[in-house]
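Protein chains in written order, with my numbering: chain P, 1 to 393; chain A, 1001 to 1614. From the three backbone atoms N, C-alpha and C, an ideal C-beta is built for every residue, glycine too. Here the structure comes first, spelled out in structure tokens, and everything after it is commentary.
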Ligand SMILES: [Zn+2]
């Protein structure tokens, strides 16, 4: 710790924020591989080539390589650049979210329109998720908002925040309420850490709770007016999921199915049981390599493994905060805090969902879940954190 | 947050308020982490055993291993019914993203209307159903290409979660031959306990114990795709396939019987009709053809009523009429109550008690047969003489005829719905015993099945020895009933001579066959009213014949219920008899022994090189 300045010439001036995420990524690859093995039996026949069976792992490895490249590249970009271009990125981010609503550009899976489909020669269709990049952009924007010298609600600030809210509405309409809520929480959290007045924050929170309630109950009320009982409305699935969370066993035939399956997987893990690749319940989990990867980890490594993953996540968050305290600029400080909020809240929500503390929302576990856009955004964020570290002194 | 570096060069002084807020935010997250750890401890330590148990029980499945139902063959091993494995194709409607694409893909392989299927998928999906039976019992040639295409796709890229359930199905290579004998099956059970074919009538039902077999089971953990995970299989009981059944039917003869009935059906439009061929030396049923009939594969006509599946040979009771006379005469000869050259006088009618019994001429009115020998009595089908012979036997004696020729009671045969022939017991009859005796002697007042009558004629054709009718060759019955002598061969020959006369000169002229001697008897019985008496204008026309009469090879019975365009057995049933007999003589290559020239029958194309039957 005594030789920070000596390290500033190194590739990654803040090593824990390189090694810890890398370790988590490798853990993620191992368990994605394990899920793929479990899936082979599901398909009912030997797939034509191993490549198709392990496509998830191969793609994730590529994304990881890409992410490490981006991280080392961005570690050398001065943070001033980001501070100066925060508004530009915000506009770009919102635009990319709006493009999803143009038919032809986007790809829908399970009624959700979250992906830009890019044909890449040799890899087939590569899916990009703009909402993942928007998380990083949110960190930029609020870091910029609370690090600019003149603390006036300039046209820029008001307009930018309005744009940001538009982005959130776009995400909610995908529909992806989980991501929208996470981004709001990161934004509001950064405002808090950036020194926003408590009274304003309270007002904001009340407005937020009201908005969420509106989103949850409006479709229900609309359906009721048409005379459908809310249990049968497809649009009321969000409320149904919350109800199901209260007692998933009662709803295990429909909305509670994933929750029950996930809890069975986690419980099957015991204190330290099975072993990597031995999981059985993973075959029944929807999105086992993605949203529910923690359930597979818990099943195959038991309590010991689950706690280890939580501890590693905690360490990453701790180091982000620590970096924030050391930053030489206020922008850098807020970027560090923003990363801590982003990673910490994602992990809490994802794991909480997997073990039945929170309703089902589609949020990935940072670094561990399969998903290229999420990983790339996180690695880019960490690259900027390395740049912050380089400028410490 | 703690351990803020003291010696780093800083251009920014960390504000106290920022630090406090960071600590607060970090604290909240630590609290969240604490919740997670507590919950994990609860799930993975406290409830671990219970949850693992529930999970195991849910994954644990028993999968039936289906037994193959035994096949049904004719006497030469030609298949009448055999089992194939088909598949129910099921999908998970909730997994369908694009109903139209999926419906089009499925109907391309399985047939059906894609629009209707799309609609069904949409409806089920909206209701949140997880199970939809797309196609019942699809044959492998439809399902295999479908599954191949499906499995070539990686799990995630499949447009729908599809599964198949193996189901047994019956295949009928000769679906129009003897459907009433073969019988039908119905698919029963469900995936988890195993599908099976439940019999519906015929040999299928009668031989169920032999044909059925027993489903096996394999138990282990099942992956969501439906495959059993090999290393988890704990128990496996192999299925026991059903054994096959070989019938006495001969498909060539069966087809000729069906063709003969087709012609009868076209010409006389009866309510129902039957043709029955028996080998008198073994009792084997060689052909059993019924009208109305159906097609086992298409089940044509069965939607409305089960009548086309009715086997009249055993499931039909009727008054045999004149066809009973030869049996009465034979028994009287056997008992020595009638001598060979004894003259019987017929003046057209005879008074019995307060009633009068008469001989009717063809076309109505009375007819006096004059003085006749026993053979001539049979040739003329003389009621007056038969009544006299009956009276010599007495009521008990005529009843003994019914019993000795196995006309009463249930014929033991591997079929379902076998009716019980009946007549009042002599001890129950107090009044009019004499008129009853006369009536019985010419076939009124008793109800029997066509099969029983044909089997009793087989006694005449088999030198007086009764062979119980037989339908199944393999598996052979455990206890074979011994052959039972009823008549002496001499008396049999006497009666047969009389029956040859009946064909040559009497009522059965239509049954004459060039090159062969034919013995036979027509029967034209007024239909008995269940409430007593007879229904005017409704007849059952029948003909029972033996070919060749000098060295019998087959007993053939043809029966038509309520024929139109004529009602005499001689004009309705005898032509069909001749058609079948002619085919048999050609088919068995029986050398003609009458000097009259003979012509070969029309060859049914299917059996040009059929082996000679034993
Ligand atoms: Zn007469």
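When the five nearest sequence neighbours on each side are left out, the beta carbons in the same chain lying within less than 7 Å of the beta carbon of residue 299 of chain P are those of 265, 266, 268, 269, 274, 279, 281 and 282, in order along the chain. For residue 1029 of chain A, the chain P residues whose Cβ falls inside 7 Å of its Cβ are 317, 344 and 348, in order along the chain.
In this chain, the beta strand (DSSP E) harbouring residue 1543 of chain A covers 1534 to 1547. Remark: the C-beta of residue 1374 of chain A is outside contact range of ligand 1, defined as less than 7 Å to any heavy atom. Within 9 Å of the CB of residue 1138 of chain A, no CB atom of chain P is found; the nearest one sits about 17 Å away. Checking the 7 Å criterion, the Cβ of residue 1385 of chain A is within range of a heavy atom belonging to ligand 1. Within chain P, the residues placing a beta-carbon under 7 Å from that of residue 1047 of chain A are 267, ordered along the chain.
Residues of the region 1183 to 1210 of chain A whose Cβ lies closer than 8 Å to any Cβ of chain P: none. For residue 387 of chain P, none of the residues of chain A pass the 8 Å Cβ criterion, the least Cβ distance being about 15 Å. In terms of Cα proximity to residue 71 of chain P, the closest of P/256, P/29, P/18 and P/260 is P/18.
With fewer than 16 other CB atoms across the displayed protein chains lying within 10 angstroms of its CB, residue 1148 of chain A is exposed.
Nearest to residue 387 of chain P by C-alpha distance, out of P/89, P/363, P/336 and P/39, is P/336. In terms of side-chain proximity, the C-beta atom of residue 1341 of chain A is found no nearer than 7 Å to any non-hydrogen atom of ligand 1. Residues are counted here when their Cβ sits less than 7 Å from a Cβ of chain A; for the region 101 to 133 of chain P the count is zero.
At a cut-off of 7 Å, the beta-carbon of residue 1439 of chain A does not count as near ligand 1: no heavy atom of the ligand is closer than that. A straight line joining the alpha-carbon of residue 98 of chain P with that of residue 1120 of chain A spans about 35 Å. Taking a contact as a CB-CB distance under 8 Å, the pair residue 1377 of chain A and residue 1344 of chain A counts as one, their CB atoms being some 6 Å apart. Residue-level contact by beta carbon holds for residue 1017 of chain A and chain P, with a gap shorter than 8 Å.
For residue 1148 of chain A, the enclosing alpha helix (DSSP H) covers residues 1140 to 1152. With a cutoff of 8 Å on beta-carbon distance, residue 1182 of chain A and residue 1207 of chain A are scored as not near each other. Note on geometry: alpha-carbon atoms of residue 26 of chain P and residue 1071 of chain A lie some 60 Å from one another. Judged by their CB atoms, residue 1580 of chain A and residue 1247 of chain A are not nearer to each other than the 8 Å cut-off. When DSSP reads this structure, residue 1586 of chain A sits in no beta bridge, so it has no partner.
Taking a beta-carbon distance threshold of 8 Å, residue 1479 of chain A does not count as an interface residue toward chain P. Per DSSP, residue 1322 of chain A is not a residue of any beta strand (DSSP E), being assigned neither H nor E. Within chain P, the residues 263, 264, 267 and 268 have their CB atoms less than 7 Å from the CB of residue 1051 of chain A, given in chain order. Annotated as distal: residue 1374 of chain A and residue 1283 of chain A, with beta-carbon spacing of 8 Å or more. With respect to the 8 Å criterion, residue 1465 of chain A and residue 1490 of chain A are not classified as neighbours on the basis of their beta carbons. Ranked by how close their Cα comes to the Cα of residue 372 of chain P, the residues P/128, P/351, P/90 and P/102 have P/128 in first place. For ligand 1, a non-hydrogen atom lies closer than 7 Å to the CB of residue 1369 of chain A.
Looking from the CA of residue 1054 of chain A, the closest CA among P/296, P/107 and P/263 belongs to P/263.
Taking a C-beta cut-off of 8 Å against chain A, the contacting residues of the region 289 to 300 of chain P are 298, listed in chain order. Along the region 187 to 211 of chain P, the positions whose C-beta sits under 7 Å from a C-beta of chain A are 189, 192, 193 and 195, read in chain order. The Cβ of residue 360 of chain P sits no closer than 8 Å to any Cβ of chain A. The beta carbon of residue 1221 of chain A sits closer than 8 Å to some beta carbon of chain P. Close CB contacts of residue 184 of chain P within its chain, under the 8 Å cut and outside five residues either way in sequence, are with 168 and 208 (chain order).
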